[in-house]
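Shown next, in structure tokens, is the structure this report addresses.
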Amino acid sequence: MLQSHDHTGAILPADVNMLAALFTEILTDKGLRRDCEAAELIARRLISVYQSGHRERGELLKMATDD
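Numbering-wise (full-length UniProt numbering), the sequence shown opens with residue 1 and increments by one.
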């Protein structure tokens, strides 16, 4: 599970690392490059899902990749 963030809304370094790893995993699974529009959309979704309070890896993966 990801570490919780403080009340400022900041994403802590451990969480940044986890989100980056999930992002890379999703791109690899989908065969996408980091510099395409689909990757940007996935990154936005991943951060949005995280900021809405979801911290479980499985939830983040599912919700960031649901079309």
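Ideal Cβ positions, reconstructed from N, Cα and C, are used throughout, including at glycine.
DSSP places Gly31 in the coil class of the three-state scheme, outside both helix and strand. Within the same chain, Cβ atoms closer than 8 Å to the Cβ of Ala43 are found at Phe23, the five residues on either side in sequence being excluded. Closest in C-alpha terms to Leu12, from the list Ala38, Arg55, Asp35, Glu59, comes Arg55. Per DSSP, reduced to three states, the secondary structure at Ile11 is coil, with no helix or strand assignment.
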